[in-house]
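Protein sequences appear in the order of chains Y and S. Its first residue numbered 1, the first sequence is counted upward by one per residue in my numbering. Its first residue numbered 124, the second sequence is counted upward by one per residue in my numbering. The beta-carbon is built from N, C-alpha and C at its ideal position, and this holds for glycine as well. Keep in mind that this is a model prediction, so the values were computed, not measured.
2 protein chains.
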Amino acid sequence: MSENISELTDLLRNLEAVNSDIQGSAIVSVQGLPICSALSRDVNDGIVSAMSAAILSVSERAVQELARGILQRILIEGIDGIIILSRAGENAILCTLAKPDASLGMVFIHITSVSKKIATLLD
Amino acid sequence: MSENISELTDLLRNLEAVNSDIQGSAIVSVQGLPICSALSRDVNDGIVSAMSAAILSVSERAVQELARGILQRILIEGIDGIIILSRAGENAILCTLAKPDASLGMVFIHITSVSKKIATLLD
Numbered sequence: 001m002s003e004n005i006s007e008l009t010d011l012l013r014n015l016e017a018v019n020s021d022i023q024g025s026a027i028v029s030v031q032g033l034p035i036c037s038a039l040s041r042d043v044n045d046g047i048v049s050a051m052s053a054a055i056l057s058v059s060e061r062a063v064q065e066l067a068r069g070i071l072q073r074i075l076i077e078g079i080d081g082i083i084i085l086s087r088a089g090e091n092a093i094l095c096t097l098a099k100p101d102a103s104l105g106m107v108f109i110h111i112t113s114v115s116k117k118i119a120t121l122l123d
Numbered sequence: 124m125s126e127n128i129s130e131l132t133d134l135l136r137n138l139e140a141v142n143s144d145i146q147g148s149a150i151v152s153v154q155g156l157p158i159c160s161a162l163s164r165d166v167n168d169g170i171v172s173a174m175s176a177a178i179l180s181v182s183e184r185a186v187q188e189l190a191r192g193i194l195q196r197i198l199i200e201g202i203d204g205i206i207i208l209s210r211a212g213e214n215a216i217l218c219t220l221a222k223p224d225a226s227l228g229m230v231f232i233h234i235t236s237v238s239k240k241i242a243t244l245l246d
């Protein structure tokens, strides 16, 4: 494991440690390939990465077409929890899992903070 | 215009009338084709419909892969506003535009209410 990947994995583990509403996270490339993951072992990282990049890409086009300004994040809300997709710099997407009743204000603050660190390592 | 389309258009116009945080809406088929729209005239309904269906379809797979339960809705947050995608019965998707600082609790209540009426007309 390269030093960068090890640092990125630490960032993801720390995200769960500082906010108990966060249940897992992964960094994927904007091309849809896995970079590193702190998701549960039964999750297929390849599928999650491809889906994250696809949703982000189409959403960036959608906010443009519908005059919503620059994309900040995407929330995919399921009954049992939320998937949050956001940019982490030019090259990466952060996919974060949160509890269904998560305090989203704090979750967004922690996501923004870690995204900046990811960007520093990958941009 | 068929009677159903006229009723659906009235539902969309009413959605904006009852909630000033809602700035427009459209009903699209799950296959990605436009059904009816109360979006501004400069929006390309065909592109919005195709993108809405694509995002919803991939998101339904994502909540399944990431054990988030049944998909409730997708929020695409831009700096100048929010796009909310949700099912309106078996055949349709409701795409709603809201202000960036919208009171989302009330917006969701109005979306749920109109989605049930859309489902009654289209299912």
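Discussion item. Give me the DSSP bridge partner(s) of Glu-60/Y.
Written reply: What you label residue 60/Y is simply residue 60 of the first sequence in a count that begins at 1. In the DSSP assignment, Glu-60/Y forms no beta bridge with any residue.
Worksheet entry | Distance between Thr-120/Y and Ser-175/S (C-alpha atoms, nearest Å) | The count along the second sequence starts at 1 and reaches residue 175/S at position 52. The count along the first sequence starts at 1 and reaches residue 120/Y at position 120. CA-to-CA, the gap between Ser-175/S and Thr-120/Y works out to about 33 Å.
Fill in: When Ala-17/Y, Gln-23/Y, Ile-22/Y, Ala-54/Y are compared against Leu-33/Y, the one with the closest alpha-carbon
As a first step, residue 33/Y must be located in the first sequence, where it is residue number 33. For Leu-33/Y, the closest alpha carbon among the candidates Ala-17/Y, Gln-23/Y, Ile-22/Y, Ala-54/Y is that of Ala-54/Y.
Item to complete: Please look up how many angstroms separate the CB atoms of Ile-206/S and Ile-199/S, rounded, as I've assumed it's under 8 Å.
Response: Here the question's residue 206/S lines up with position 83 in the second sequence. Here the question's residue 199/S lines up with position 76 in the second sequence. Yes, Ile-206/S and Ile-199/S are in contact; Cβ-Cβ is about 4 Å, under 8 Å.
Discussion item. Cβ closer than 9 Å: which chain Y residues qualify as neighbours of Gly-155/S?
Written reply: Walking along the second sequence from the start, residue 155/S turns up at place 32. Chain Y residues near Gly-155/S: none, gap ~11 Å exceeds 9 Å.
Discussion item. Please tell me whether Gly-81/Y has its Cβ less than 7 Å away from any Cβ of chain S.
Written reply: Locating residue 81/Y in the first sequence gives position 81, counting from the first residue. Yes - at least one Cβ of chain S is within 7 Å of the one on Gly-81/Y.
Worksheet item: Just by C-beta distance, which residues in the stretch 36-49 of chain Y are closer than 7 Å to chain S?
Response: Cβ contacts with chain S come from Val-43, Asn-44, Ile-47, Val-48.
Practice prompt. Would you decide whether Arg-196/S is buried or exposed? Buried here means 16 or more other CB atoms lie within 10 Å of its CB.
Written response: Numbered from 1 along the second sequence, position 73 holds the residue referred to as residue 196/S. Looking at its Cβ environment, which holds 16 or more other Cβ atoms inside 10 Å, Arg-196/S is buried.
Item to complete: Spell out a yes or no on whether the stretch 101-110 of chain Y and the stretch 11-30 of chain Y are touching, meaning 3 or more CB-CB pairs, one atom from each, closer than 8 Å.
Response: Flag = yes, the stretch 101-110 of chain Y and the stretch 11-30 of chain Y touch.
Practice prompt. Write down every uninterrupted run of the alpha helix (DSSP H) in the stretch 125-159 of chain S whose length is 4 residues or greater and which is fully enclosed by it, in chain order.
Written response: List check, alpha helix (DSSP H) in window: 126-141.
Discussion item. 7 Å is my cut-off, CB to CB: does Val-151/S come that close to chain Y?
Written reply: Position 28 of the second sequence, counted from the start, is the residue given in the question as residue 151/S. No, Val-151/S lies away from the interface with chain Y (no Cβ there is under 7 Å from its Cβ).
Item to complete: Go through its chain and collect everything with a Cβ distance to Ala-173/S's Cβ below 7 Å, but skip five positions before and after it.
Response: Position 50 of the second sequence, counted from the start, is the residue given in the question as residue 173/S. Excluding residues within five positions, the ones whose Cβ falls inside 7 Å are Gly-155.
Item to complete: Within the same chain, show all residues whose beta-carbon is closer than 7 Å to that of Asn-214/S, passing over the 5 residues directly before and after it, in chain order.
Response: Residue 214/S sits at position 91 when you count from the first residue of the second sequence. Excluding residues within five positions, the ones whose Cβ falls inside 7 Å are Ser-152, Val-153, Leu-245, Asp-246.
Worksheet entry | Ala-211/S at chain Y interface by Cβ criterion, 7 Å | What you label residue 211/S is simply residue 88 of the second sequence in a count that begins at 1. Under the Cβ criterion of 7 Å, Ala-211/S is not counted among the residues facing chain Y.
Worksheet item: Beta carbon of Leu-56/Y, beta carbon of Leu-85/Y: below 7 Å?
Response: The residue given as residue 56/Y occupies position 56 in the first sequence. The residue given as residue 85/Y occupies position 85 in the first sequence. Cβ distance < 7 Å, so Leu-56/Y and Leu-85/Y count as in contact.
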